[in-house]
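Each remark here refers to the structure printed beneath this line.
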Amino acid sequence: MSNSADSPGKVSSPVRGPGFRRGFRPVRILTAAVFALAGLLFFTSFNTAKGTNIRTDASLLKLSDLIHERSRKNGELDESNAALRGDIEALADRDGGSTLAEERRLSALEERAGTRELKGEALTVTLDDAPPDATAKLPGYPEPQPDYLVIHQQDLQAVVNALWEGGAEGIKVMDQRLISTSAVRCVGNTLILQGRVYSPPYRIQAVGPPERLRKALAASPAIQNYMVYVNVYGLGWKVEENGVTTLPGYSGTADLRYARPVA
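The sequence shown begins at 308 in my numbering and counts up by one.
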């Protein structure tokens, strides 16, 4: 740009005569490259699909089927293990291989380990997902995100921990007895417990003094937070006393499995 002699202080506009030529602009080449890449992606997607729905993730479906099949087999192995344990105990009783003192000591260890049945007053807590179309029931709360409407691992852990705090002698989650090595873990919207997979509603049953168990549930800060979602978004929560109930003994393997360093 240059200043015109006739108009001091003003900037004159460049004149594009017949011989005016546009300068080189890299952005045009970049734009063309983007469109070419998009065309290549569309062609590749069309060629891969060949008329099928490539958005269906078959690998995830296969993985889900594999998990449920493994869960079923683990359940069968638990039942087989429990039957074999019963056979061993029957053979030991028949052969009279242990003294009365040894039997009492073994029985006490089995009770502490959770492998024997446990009978007593029981209380059951049931947790469930909220309806998928749930909305905020109270003013001042935001409309729910999907994360607000499902049971999480920390919710289950909070109930189990509160029941232990309340004096539970034994706890069963779904149809399995918890022992010292049990881990309550959630993957997605399912519970994985000792190699088996469960879907909501989740039932947690404890043998112990019902009144103390109720007070421990009410006093838990984590459960108090959960109750906000119960009241606002409709998550499931039910506590009921069952009277005298018998919890099953743990029937799975008691071997410890842990990581080892690679040689």
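Where a beta carbon is used, it is the ideal one built from N, C-alpha and C, also for glycine. On a predicted model such as this, the values are computed, not experimentally measured, just so you know.
Arg423 sits buried, since 16 or more C-beta atoms from the chains shown fall within 10 Å of its C-beta.
Under DSSP, Ile499 forms a beta bridge with Arg492 and Val504. Ala475 and Ala570 have their alpha carbons spaced roughly 43 Å apart. Residue Pro555 holds the alpha-carbon nearest to the alpha-carbon of Gly427 among Pro555, Leu500, Val466 and Ile486.
For the options Glu548, Arg567, Ala566 and Val535, the alpha carbon positioned closest to that of Tyr448 is the one of Val535. Per the Cβ contact rule, the stretch 405 to 418 is not in contact with the stretch 465 to 472 (fewer than 3 Cβ pairs under 8 Å). Taking a cut-off of 8 Å on C-beta distances, the stretch 520 to 534 does not touch the stretch 479 to 489, as fewer than three cross pairs fall below it. Spatial neighbours of Leu445 in its own chain (CB-CB distance under 8 Å, excluding positions within 5 residues in sequence) are listed in chain order as Asn538 and Val539. Taking the CA atoms as reference points, Pro517 sits about 45 Å from Pro568. Between Asp440 and Ile458, the C-beta spacing is not below 8 Å. Look at the stretch 499 to 556 and you find these whole runs of alpha helix (DSSP H), each 4 residues long or longer: 517 to 526 and 528 to 540.
Collapsing the DSSP output to three states places Val457 in coil. For Ala429, the secondary structure class from DSSP, reduced to helix, strand or coil, is strand. Annotation: the continuous beta strand (DSSP E) that includes Ile478 extends over Gly477 to Val480. The beta carbon of Val467 sits closer than 8 Å to the beta carbons of Ile478, Val480, Leu485, Val491 and Ile511 from its chain, once the five residues preceding and following it are set aside; these are given in chain order. For Gly421, the CB contacts under 6 Å within the same chain, skipping 5 residues up- and downstream, are Arg484, Ile486 and Tyr557 in chain order. When rounded, the separation of the alpha-carbon atoms in Tyr509 and Ala408 is 40 Å. Contact between Pro438 and Gly541 holds, since their C-beta atoms are separated by about 6 Å, short of 8 Å. Between the alpha carbons of Thr497 and Thr442 lies a gap of roughly 23 Å. For Ala561, no alpha helix (DSSP H) encloses it, and the DSSP letter there is neither H nor E. In this structure Pro451 is buried. Its beta-carbon is surrounded by 16 or more other beta-carbon atoms within 10 angstroms.
Classified as exposed, Ala526 has fewer than 16 neighbouring CB atoms from the shown chains inside 10 Å of its CB. In the three-state scheme derived from DSSP, where H, G and I count as helix and E and B as strand, Leu407 is classed as helix. DSSP, read as helix, strand or coil, puts Arg423 in coil. Ala429 sits buried, since 16 or more C-beta atoms from the chains shown fall within 10 Å of its C-beta.
Burial is judged here by how many other beta carbons sit within 10 angstroms of a residue's own beta carbon; Tyr565 has fewer than 16 and is exposed.
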